[in-house]
Amino acid sequence: MNGLKLSAILLVLVVGVAGCGKKESASTSGDAAPAASATKAIEFVDTQESKPLVINAALFDTPAAKEFLATGKNPYIGNEEAIAKGKKVFQMYSCTQCHGPEAKGQVGPGLTGPTFRYPKDATNKGMFETVWHGTNGGMGAKGVGLMDPTDPKNGITPDELLKIIAWIRSMSNGLTGNE
Ligand code: HEC
């Protein structure tokens, strides 16, 4: 009898504590990103003015893209399959025309570093922002003209861009961008 009573009390305590914990974490993640999953998200800024850059979390629709959104690290670095795909996507979106077939520079600058026009491009988050939103000096959003960079129908997806960056880093003498 006593044993039963005791476990009943314990059960109430455990449920009570678990309930509190849940409530707390739900409200913090709710503040950060209402529509996204419970994971935290990095904050993007544009390359032109370092202003907050909002990118629809739903566009990050692969495991690698979701991981990048949470951590700012590019999981495709060193992944041979992703690198090969990245090279193809680079051609498909005409990056080649301005940056050359090996990204060593043509009309636009070389992309393999170690120095960059925008120093933040030494990081994968920085390079992602530069390509996604464009620059002041001659490159539009996603590398192509002026367009709404948040419209999923316009060009490159986050996952494709991470593959492009992995390809660029594979030729960058050990610079991974994830440091
Ligand atoms: C119309 C020509 C053009 C196209 C197409 C283009 N770019 Fe660019 N890109 C440029 C120019 C010009 C710059 C230098 C901009 C500046 O100085 O502000 C640049 C800058 C960059 C930078 C920053 C380099 C640095 O040193 O900081 C990256 C990264 C980049 N481009 C990647 C891409 C990718 C990836 C694509 C394809 C999705 C692409 N570009 C398509 C012209 C182009």
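Sequential numbering of the sequence shown, starting at 1252, is according to the numbering used here.
The C-beta atom is built at its ideal place from N, Cα and C for all residues, glycine as well.
If you're wondering where the values come from, they're calculated on a predicted model, not measured in any experiment.
### Query
If you draw a straight line from the alpha carbon of residue 1326 to that of residue 1375, how long is it in whole angstroms?
10 Å
### Task
Starting from the N-terminal side, write out each stretch of the alpha helix (DSSP H) that is 4 residues or longer and does not extend beyond the segment 1293 to 1362.
1314 to 1322, 1331 to 1343, 1346 to 1350
### Query
What is the C-beta distance between residue 1387 and residue 1299, in whole angstroms, given that I count them as a contact (C-beta under 8 Å)?
5 Å
### Task
May I ask you to check if the CB of residue 1378 is nearer than 8 Å to at least one heavy atom of the ligand HEC?
yes
### Message
Please tell me whether residue 1379 and residue 1416 are closer than 9 Å, where the distance is taken between their beta carbons.
### Response
yes
### Task
Out of 1348, 1362, 1421, state which residue places its alpha-carbon closest to the alpha-carbon of residue 1332.
1421
#### Entry: Supposed close pair residue 1407, residue 1363 - CB separation, criterion 8 Å
Actually they do not touch by this definition, with Cβ atoms about 19 Å apart.
### Beta-carbon contacts of residue 1356 that lie in its chain and below 8 Å, excluding the five residues immediately before and after
1350, 1362
### Query
Going by the CB atoms, is the gap between residue 1412 and residue 1382 shorter than 9 Å?
yes
### Task
Could you tell me the distance, in whole angstroms, from the CA atom of residue 1410 to the CA atom of residue 1371?
20 Å
### Task
Could you check the C-alpha separation between residue 1348 and residue 1319 for me, to the nearest Å?
27 Å
### Message
Would you say the beta carbon of residue 1327 is closer than 8 Å to some non-hydrogen atom of the ligand HEC?
### Response
no
### Task
Look up residue 1367 in the DSSP assignment and say whether it is helix, strand or coil.
coil
### Query
Comparing alpha-carbon positions, which option in 1360, 1384, 1394, 1389 lies nearest residue 1303?
1384
### Message
Using a 10 Å radius around the Cβ and a threshold of 16 neighbouring Cβ atoms, would you call residue 1360 buried or exposed?
### Response
buried
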